[in-house]
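Report on the following structure.
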Amino acid sequence: MSSIPRRYHITTFGCQMNKADSERMAGILENMGFQFSEDPNQADLILYNTCSIRDNAEHKVYSYLGRQAKRKLQHPNLTLIVAGCVAQQEGEALLRRVPELDMVMGPQHANRLEDLLEQVFAGNQVVATEAVHIMEDITKPRRESQVTAWVNVIYGCNERCTYCIVPSVRGIEQSRTPEAIRAEMEELGRQGYKEVTLLGQNIDAYGRDLPGTTPEGRHLHTLTDLLYFVHDVPGIERIRFATSHPRYFTERLIRACQELPKLCEHFHIPFQSGDNDILKAMARGYTQEKYRRIIDMIRHYMPDASISADAIVGFPGETEEQFENTLKLLEEISFDMLNTAAYSPRPGTPAAVWENQLSEEVKSDRLQRLNHLVSIKAAERSQRYLGRIEEVLVEEQNAKDPTQVMGRTRGNRLTFFTGDINQLKGQLVQVKITESRAFSLSGEAISVPQPALV
Ligand code: SAH
Ligand code: SF4
Ligand code: F3S
């Protein structure tokens, strides 16, 4: 083997789960002696960590892949890998479509990358998509940020929303133990990380698959119990979690967030539609009334909490009136942020084969109308910060203005203010908010923190 270090490149599509997996796979590759290359064309190993939540996400991968498959004709030593959700969805079919591929690996195999690569380097074309018990990984992830980090708490999803590919590509729910989660957070605290986001597709399901019940018959391990178990990890100043499912959201959880000082006042609870018949067709397991009750309960305990969600427009059969119920819910609840998408039929999901599909024109018209209202509402919500003093955790320099730094409030609003990133990175700064926009704020630091201990 040559003494020139081998270089790897990873491009990540999709959600935070995929980003967290990519960081772990990057850690494994670096442990094996690979060095990161920003430019895929300089890399000896290229890994696409893919997303198949919507058709356009899936298509992007094929165009990237096509280019590298061509490059492989000139550079036969190039190792090409497709990981993530498209890999899981397509499996062997992907090898037939792109024969230049060396490996197709599903998300449950991310921690096994080293073993799988050994098979590739031994000359095999590898398909790793069978359901497995996800092992605790022992390699340190290579994390993008030095301030905020993701920590998986539950993999997979046991729901069966009729539009969604996730359960078939991510497998059944598998919770990590509270001890493993706490140990990862303690390590992060020691390394100087300040904020942790606990991750799960349906994080309220945490612990259902772990053994043990309380004397009252409750699961011994719930998300709420986990929060109490990890909230005092030294060094970690802020804790967030996502994504919450309205079906399982509890008052106990809100009370824990109110009680535990490190828990940030932000909830991400997708509602998907404001119409009960559509919610039923989606198999979401709640009504819009129940959703509103959850929001009322949050606002009862934590009046200032910021609330974000996801919504889909143009689900099969959605009438104009049903769509307007989604607008109405947004109007009345006033979300701080809403991720929106036009319904995209996914292979193997029930709704994909229903006959009442809507045209692309109707879907994109509704998406535009919804997005318009999203910005209006977000701008209204931002205004409440004007003149207030907010705690901002500084993450990076403002890419557009190097005299400024960028961070987030506890409510998760991006905030910019004048300052030196070398001094402020990773610091919690009190910032007086002087300007508000729909999705971000600007302000002035009112306390200059202690120099960072480097
Ligand atoms: N587990 C989370 C969401 C995971 S997927 C939940 O249950 O809320 C992230 C978002 O993608 C979803 O909230 C949904 O709004 C969107 N999404 C999922 N499948 C989709 C599809 N087929 N078409 C359009 N959007 C979709
Ligand atoms: Fe998909 Fe529903 Fe599971 Fe969320 S809860 S990942 S939308 S199936
Ligand atoms: Fe996409 Fe898979 Fe996440 S489909 S949204 S990367 S779970």
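All residue numbers in the sequence shown are consecutive under numbering that gives the first Met the number 0, ending with 453.
All C-beta atoms in this analysis are idealised placements derived from N, C-alpha and C, irrespective of residue type, glycine included.
It should be emphasised that the depicted structure is a prediction, and the values quoted were computed from it without experimental measurement.
Pick out whichever of the options has its Cα sitting closest to the Cα of residue i.
{"i": "Glu-454", "options": "Leu-219, Ser-21, Met-301 and Glu-317", "result": "Any property of residue 454 remains undetermined from this structure, which presents the chain solely from 0 to 453."}
{"i": "Glu-143", "options": "Glu-158, Glu-37, Ala-92 and Ile-137", "result": "Glu-37"}
{"i": "Asn-370", "options": "Val-81, Asn-55, Ser-439 and Phe-334", "result": "Phe-334"}
{"i": "Pro-177", "options": "Gln-382, Val-152, Gly-199 and Ile-293", "result": "Val-152"}
{"i": "Met-134", "options": "Gln-321, Ser-174, Thr-196 and Phe-120", "result": "Ser-174"}
{"i": "Glu-329", "options": "Trp-353, Glu-29 and Leu-372", "result": "It is worth fixing the name first, because residue 329 is Leu in this sequence and not Glu. Ranking the options by Cα distance to Leu-329, first place goes to Leu-372."}
{"i": "Gln-271", "options": "Glu-250, His-108 and Arg-246", "result": "Arg-246"}
{"i": "Pro-233", "options": "Leu-262, Glu-258 and Met-184", "result": "Met-184"}
{"i": "Leu-259", "options": "Pro-75, Tyr-300 and Ala-109", "result": "Tyr-300"}
{"i": "Lys-362", "options": "Phe-322, Leu-44, Ile-27 and Arg-95", "result": "Phe-322"}
{"i": "Arg-365", "options": "Lys-376, Thr-325, Trp-353 and Leu-427", "result": "Thr-325"}
{"i": "Ala-350", "options": "Met-31, Thr-414 and Cys-163", "result": "Cys-163"}
{"i": "Thr-414", "options": "Glu-434, Tyr-154 and Arg-239", "result": "Glu-434"}
{"i": "Gly-188", "options": "Arg-169, Pro-344 and Ile-238", "result": "Ile-238"}
{"i": "Leu-440", "options": "Thr-402, Arg-383, Ser-446 and Glu-395", "result": "Arg-383"}
{"i": "Asn-411", "options": "Phe-12, Gly-105, His-230 and Val-195", "result": "Val-195"}
{"i": "Thr-161", "options": "Arg-436, Val-430, Leu-427 and Phe-314", "result": "Phe-314"}
{"i": "Asp-400", "options": "Glu-390, Leu-392, Phe-416 and Arg-407", "result": "Phe-416"}
{"i": "Val-391", "options": "Leu-64, His-74, Val-404 and Ala-398", "result": "Val-404"}
{"i": "Glu-432", "options": "Ser-381, Glu-394 and Pro-210", "result": "In the sequence under discussion, the amino acid at residue 432 is Ile, which differs from the Glu named in the question. Checked all of Ser-381, Glu-394 and Pro-210; the closest Cα to Ile-432 is Ser-381."}
{"i": "Leu-46", "options": "Leu-115, Thr-249, Ala-437 and Asp-295", "result": "Leu-115"}
{"i": "Asn-40", "options": "Glu-57, Asp-20 and Tyr-63", "result": "Tyr-63"}
{"i": "Val-126", "options": "Arg-141, Arg-95, Asp-303 and Ile-137", "result": "Arg-95"}
{"i": "Leu-337", "options": "Pro-344, Ile-375 and Leu-357", "result": "Ile-375"}
{"i": "Pro-75", "options": "Ala-86, Gly-211, Leu-100 and Ser-51", "result": "Leu-100"}
{"i": "Asp-419", "options": "Phe-438, Asn-397 and Arg-436", "result": "Asn-397"}
{"i": "Gln-107", "options": "Val-168, Ile-137 and Thr-147", "result": "Val-168"}
{"i": "Ala-341", "options": "Ala-444, Val-85, Ile-52 and Thr-348", "result": "Ile-52"}
{"i": "Lys-193", "options": "Pro-214, Ile-235 and Gly-65", "result": "Ile-235"}
{"i": "Ile-27", "options": "Val-131, Phe-12, Val-103 and Arg-6", "result": "Arg-6"}
Use the C-beta contact count for residue i: other C-beta atoms within 10 angstroms, 16 or more gives buried, fewer gives exposed.
{"i": "Gly-386", "result": "exposed"}
{"i": "Leu-463", "result": "No answer is possible for residue 463: it lies beyond the span of the chain, which begins at 0 and ends at 453."}
{"i": "Phe-457", "result": "What the structure shows of the chain is the stretch from 0 to 453, and residue 457 is not part of that stretch, so it cannot be assessed."}
{"i": "Thr-128", "result": "buried"}
{"i": "Phe-120", "result": "exposed"}
{"i": "Arg-409", "result": "buried"}
{"i": "Ser-1", "result": "Reliability fails at Ser-1, whose pLDDT of 47 lies under 50, so the model's placement of it is uncertain and no value is given."}
{"i": "Tyr-154", "result": "buried"}
{"i": "Ile-277", "result": "buried"}
{"i": "Ser-504", "result": "Because the chain is modelled from 0 through 453, residue 504 falls outside the range shown and cannot be assessed."}
{"i": "Asp-231", "result": "exposed"}
{"i": "Thr-11", "result": "buried"}
How about residue i: is its Cβ closer than 7 Å to a heavy atom in the ligand ATP?
{"i": "Gln-200", "result": "With respect to the ligand ATP, the structure shown offers nothing to examine, as its ligands consist of the ligand SAH, the ligand SF4 and the ligand F3S."}
Less than 8 Å between the CB atoms is what I'm expecting for residue i and residue j, so what's the real figure, rounded?
{"i": "Leu-112", "j": "Met-16", "result": "No, Leu-112 and Met-16 are not in contact; Cβ-Cβ is about 16 Å, not under 8 Å."}
{"i": "Ser-307", "j": "His-267", "result": "5 Å"}
{"i": "Cys-156", "j": "Val-150", "result": "No, Cys-156 and Val-150 are not in contact; Cβ-Cβ is about 18 Å, not under 8 Å."}
{"i": "Gly-199", "j": "His-218", "result": "Not really, about 15 Å apart at Cβ, beyond 8 Å."}
{"i": "Gly-90", "j": "Asn-48", "result": "Between Asn-48 and Gly-90 the Cβ distance is about 16 Å, and since that is not below 8 Å, they are no contact."}
{"i": "Phe-228", "j": "Arg-181", "result": "6 Å"}
{"i": "Glu-389", "j": "Val-430", "result": "6 Å"}
For the stretch 35-68, list the beta strand (DSSP E) runs that are entirely contained and at least 3 residues long, ordered along the chain. 44-49
Every unbroken beta strand (DSSP E) within the stretch 401-441, with a cutoff of 3 residues, ordered by chain: 413-417 and 427-435
Starting from the N-terminal side, write out each stretch of the alpha helix (DSSP H) that is 4 residues or longer and does not extend beyond the stretch 216-256. 222-229
Could you name the residues, in chain order, whose CB is less than 6 Å away from a heavy atom belonging to the ligand F3S? Gly-13, Cys-14, Met-16, Asn-17, Cys-50, Ser-51, Ile-52, Gly-83, Cys-84, Ile-164, Val-165, Val-168 and Arg-169
Complete runs of the beta strand (DSSP E) confined to the stretch 117-141 [at least 3 residues]: 125-127
Pick out the complete beta strand (DSSP E) segments inside the stretch 142-203, 3 residues or longer, and give them in chain order. 147-151 and 194-198
Whole runs of the alpha helix (DSSP H) within the stretch 371-397, excluding any shorter than 4 residues: none
Any alpha helix (DSSP H) of 4 or more consecutive residues that is wholly inside the stretch 313-357: 319-332
Entirely enclosed beta strand (DSSP E) segments - the stretch 267-301, minimum 3 residues: none
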